[in-house]
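Residue numbers (our numbering): 916 to 1138.
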């Protein structure tokens, strides 16, 4: 069967259109003949309402009365006992204790000890006090030393000899902590080399700081 051809059949569409026109015509006829007004009149009829009275329940019974208060029965009061007559205690004699007699005892002196002449103790001789250490020690000998070199400036200046006196600050471990020049001849020629060498010297540790003084001599033949 050709389904597309069946859908294009105009007879079926005409039947549907005719049915719709018929329904509209009936509705218009009913409105014109007053059938619609009768339907409205039926809707407008008064409605009858019946009021139902509320059923009243009987009131609840009253609460029971409270119980009567309990009576407190007090026990009968007893009469106080009669006072007892006073009976004095019997007299008991106090025994007398005889005091002991004090007898003086004379001590017997001990026999005299024989007199012994004790020689006097020898006089205590204090040990000699240690000699005070000088404020500046001279002639000290180092444990290790670095010899100063002859300066080239002195060689160029044809200086054949020189002498420098230096003062050393030595700590408790024997290390040289500072070098100061006391005197130099010729002046300022050998000072820098002396300071460089003496700062590397090592002395015996004495557990305290002290000041030492050394003399350094220069000769050109040593170079």
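Backbone N, C-alpha and C fix where the C-beta goes; we use that ideal spot for every residue, glycine too.
Under the three-state DSSP convention, the category residue 1001 falls into: Within the chain shown, the letter at position 86 stands for residue 1001. Here residue 1001 sits in coil by DSSP.
Residue interval of the alpha helix (DSSP H) (run including residue 1106): Within the chain shown, the letter at position 191 stands for residue 1106. Segment 1106–1113, the alpha helix (DSSP H) holding residue 1106.
Nearest candidate by alpha-carbon position, reference residue 1135, set 1096, 1102, 1066, 1124: Residue mapping note: residue 1135 aligns to position 220 of the chain shown, counting from 1. Checking every option, the nearest Cα to that of residue 1135 belongs to 1066.
Counterpart residues of residue 1130 in DSSP-defined beta bridges: Translated into the one-based positions of the chain shown, residue 1130 becomes position 215. 1080.
Contact under 8 Å by Cβ, residue 1130 with residue 1104: Start at 1 with the first residue of the chain shown, and residue 1130 comes out as number 215. Start at 1 with the first residue of the chain shown, and residue 1104 comes out as number 189. It is not a contact, given that the beta carbons lie outside the stated cut-off.
Helix, strand or coil at residue 985 according to DSSP, with G and I counted as helix: For the purposes of this step, residue 985 is identified with residue 70 of the chain shown, where counting begins at 1. DSSP places residue 985 in coil when its eight states are reduced to three.
Nearest-angstrom Cα separation, counted from residue 1085 out to residue 1137: Locating residue 1137 in the chain shown gives position 222, counting from the first residue. Locating residue 1085 in the chain shown gives position 170, counting from the first residue. Note on residue 1137: pLDDT 49, under 50, position unreliable in the model; no value is reported.
Cβ pair residue 1126, residue 1074 closer than 8 Å: Locating residue 1126 in the chain shown gives position 211, where the first residue counts as 1. Locating residue 1074 in the chain shown gives position 159, where the first residue counts as 1. Going by C-beta atoms, residue 1126 is not nearer than 8 Å to residue 1074.
For residue 1097, the three-state DSSP class (helix, strand or coil): By one-based count along the chain shown, residue 1097 stands at place 182. Residue 1097 falls in the strand class under three-state DSSP.
Cβ-based neighbour list, residue 916, same chain, cut-off 6 Å, excluding 5 preceding and 5 following: Taking the chain shown and counting its residues from 1, one reaches residue 916 at position 1. Residue confidence is low: residue 916 scores 48 on pLDDT, short of 50, so the model does not pin down where it sits. Its coordinate-derived value is still stated next. Around residue 916: no qualifying Cβ.
Assigned secondary structure, residue 1048 (DSSP; H/G/I helix, E/B strand, else coil): Here residue 1048 corresponds to residue number 133 of the chain shown, with the count starting at 1. Residue 1048: coil per DSSP, three-state reduction.
Start and end residues, alpha helix (DSSP H) containing residue 1067: Translated into the one-based positions of the chain shown, residue 1067 becomes position 152. Run containing residue 1067: 1067–1071, per the alpha helix (DSSP H) assignment.
Contact belief for residue 1133 with residue 1076 at Cβ below 8 Å, rounded distance in angstroms: Working through the chain shown from its first residue, we reach residue 1133 at position 218. Working through the chain shown from its first residue, we reach residue 1076 at position 161. The Cβ separation is near 6 Å, so the contact holds.
C-beta atoms of residue 1061 and residue 1128 nearer than 8 Å: Here residue 1061 refers to the residue found at position 146 when the chain shown is read from its first residue. Here residue 1128 refers to the residue found at position 213 when the chain shown is read from its first residue. Taking 8 Å as the Cβ cut-off, residue 1061 and residue 1128 do not qualify as a contacting pair.
Rounded straight-line distance, which links the Cα of residue 1041 to that of residue 1114: Residue 1114 sits at position 199 when you count from the first residue of the chain shown. Residue 1041 sits at position 126 when you count from the first residue of the chain shown. The alpha-carbon atoms of residue 1114 and residue 1041 are separated by roughly 42 Å.
Residue 1085 (DSSP reduced to helix, strand or coil): Along the chain shown, read from residue 1 onward, the residue named residue 1085 stands at position 170. Three-state DSSP puts residue 1085 in a strand.
Same chain, Cβ closer than 6 Å to residue 1121, neighbours up to 5 away in sequence not counted: Working through the chain shown from its first residue, we reach residue 1121 at position 206. Answer for residue 1121: no residue qualifies.
Residue 934 classed as buried or exposed, judged by whether at least 16 other C-beta atoms fall within 10 angstroms: Residue 934 sits at position 19 when you count from the first residue of the chain shown. Exposed, by the Cβ-count rule.
Three-state secondary structure (DSSP) of residue 916: As a first step, residue 916 must be located in the chain shown, where it is residue number 1. Interpretation of residue 916 is limited by its pLDDT of 48, a score under 50 that renders its predicted location unreliable; the figure taken from the coordinates is listed afterwards. Here residue 916 sits in coil by DSSP.
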